[in-house]
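Heads up: the structure comes next, in structure tokens.
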Amino acid sequence: MWVAVDAMSGDYGPDRIVEGAVNAVNQDGRNVILVGKEEDISETLLKYEYDTNKIRIVHASEIIGMNDSPSIAVRAMEDSSVVQAAQLVADKTCVGMFSPGNTGATMAAALLYLGRISGVLRPPIAAPIPREKGAPTLLLDAGANVDCKPEYLAQFAIMGEIYSRLIFNIHKPKVGILSNGEEDKKGNSVTVKAFEYIKKLPIDFVGNVEGRDLYGGGRDVDVVVCDGFVGNIVLKATEGLSKSIFAVLRESIAQSSLAQTGALLLKPTFTAIKKRLDYAEYGGALLLGVEGTCLIGHGSSNAHAVRNAIRVVVECAERDVNQRIKEDIEKAKF
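Here the sequence shown stands for residues 1 to 334, where the numbers follow the UniProt record's numbering.
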């Protein structure tokens with residue numbers, strides 16, 4: 001199984017992306033096609049030893065920037081790295097793609113070249129959010145669809161439940177709707193109607209959940225659905241809070257020699273906490289509901305994130321996530 005990796009669109013050029021791809025090849029036995037400017041990628045690869053049969057390069061002369069208009073750029077820049085990566089998936093050369101670039105452009109390329117799975121109304125972005133214990137909570141939609149209909153949220157529940165079960169290995173994921181209270185009639189007109197749809201599905205639906213439940217501090221829930229407007233705000237707020245907590249902690253430790261001594265003793269604990277909260281452990285956020293697999297990474301993705309992204313793409317293919325989505329969507333009637 002080959003994975004197409006957009007090697008050019010990240011914040012740091014091909015360096016971290018190539019390193020992560022090499023690690024995926026050397027440590028996990030993956031097969032990777034690096035897409036981008038061949039000369040730059042080849043030069044970066046010279047730093048490493050790897051099985052040359054497991055890494056290929058597909059040249060793409062253009063790069064879609066973070067500030068480019070996604071829909072316009074994808075159509076106008078057909079030789080961009082993200083478009084060529086999508087094309088490799090579309091023609092079945094690769095089982096999936098990963099891009100740490102412009103999120104909108106990655107989505108647009110996936111929708112234009114891969115298309116939606118039959119029956120899927122709107123593909124959502126599924127973002128893992130670390131919680132107190134166990135596997136992360138899966139939040140969707142995390143930004144693909146700002147305005148949603150109840151039917152969309154119901155399909156998000158189906159797709160999220162499948163992803164959580166097959167990739168996070170949760171036997172029977174608990175699914176909830178993000179709302180402003182746990183009572184059945186809480187929320188707006190969209191979530192109230194979606195509640196009625198989802199409770200009829202053959203999944204473990206726990207009803208409405210609140211923001212605190214995302215992190216394991218309240219009700220037990222594995223998959224949380226919402227529209228992309230709310231989901232993106234939650235995701236960015238979570239990332240910001242995590243960074244702020246560590247910044248405040250470092251500042252407080254620096255102000256006291258006693259605290260610095262204690263911090264040295266607690267270093268393994270801090271390392272474990274940081275790892276648990278690090279997005280790199282999950283590679284990125286998956287665009288569910290498209291043919292093939294499309295994983296969207298942070299612009300600042302490091303080698304560890306890239307390696308894990310490649311792993312997730314392969315796991316989705318190995319475990320037939322898309323086929324299960326197609327089957328379950330066809331069965332659902334709203």
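Backbone N, C-alpha and C fix where the C-beta goes; we use that ideal spot for every residue, glycine too. Bear in mind that the values here come from a model prediction, so they are computed numbers and not experimental data.
- In this structure, A144 and M107 form a Cβ contact; the two beta carbons are roughly 6 Å apart against a cut-off of 8 Å.
- In the structure shown, F195 adopts helical secondary structure according to DSSP, grouped into three states.
- Straight across, the Cα-Cα distance linking S81 with A259 is about 47 Å.
- In this structure, the alpha-carbon of L264 lies about 11 Å from that of S257.
- Secondary structure at C316: helix, using DSSP grouped into helix, strand and coil.
- Excluding the 5 residues flanking it on each side, V74 has same chain C-beta neighbours closer than 8 Å at I64, S80, V82, V83, A105, A108, A109 and L112, in chain order.
- Apart from sequence neighbours up to five positions away, the residues of its chain that approach G187 with a beta-carbon distance below 6 Å are S179, ordered along the chain.
- The DSSP-derived three-state label of M97 is strand.
- DSSP lists L138 and V175 as the bridge partner or partners of V223.
- Comparing C-alpha distances from H304 to each of I17, G217, A142 and L287 shows the shortest one belongs to I17.
- Of the residues assessed, K37 falls on the buried side of the cut-off, its CB having 16 or more other CB atoms within 10 angstroms.
- For the pair L46 and T52, the Cα-to-Cα distance works out to about 11 Å.
- Residue pairing for S164: DSSP places it in no beta bridge.
- Counting only the Cα atoms, V146 lies some 15 Å from L287.
- Closest in alpha carbon position to T137, among G119, I167, L121 and M97, is I167.
- For V95, the CB contacts under 6 Å within the same chain, skipping 5 residues up- and downstream, are M1 and A317 in chain order.
- At the C-beta level, I162 and I33 stay beyond 7 Å of one another.
- Between V35 and A21, the C-beta spacing is not below 7 Å.
- When rounded, the separation of the alpha-carbon atoms in I158 and A254 is 47 Å.
- The beta carbons of R116 and G284 sit about 20 Å from each other, so the pair does not count as a contact at 8 Å.
- Look at D6 here: in three-state DSSP terms it is strand.
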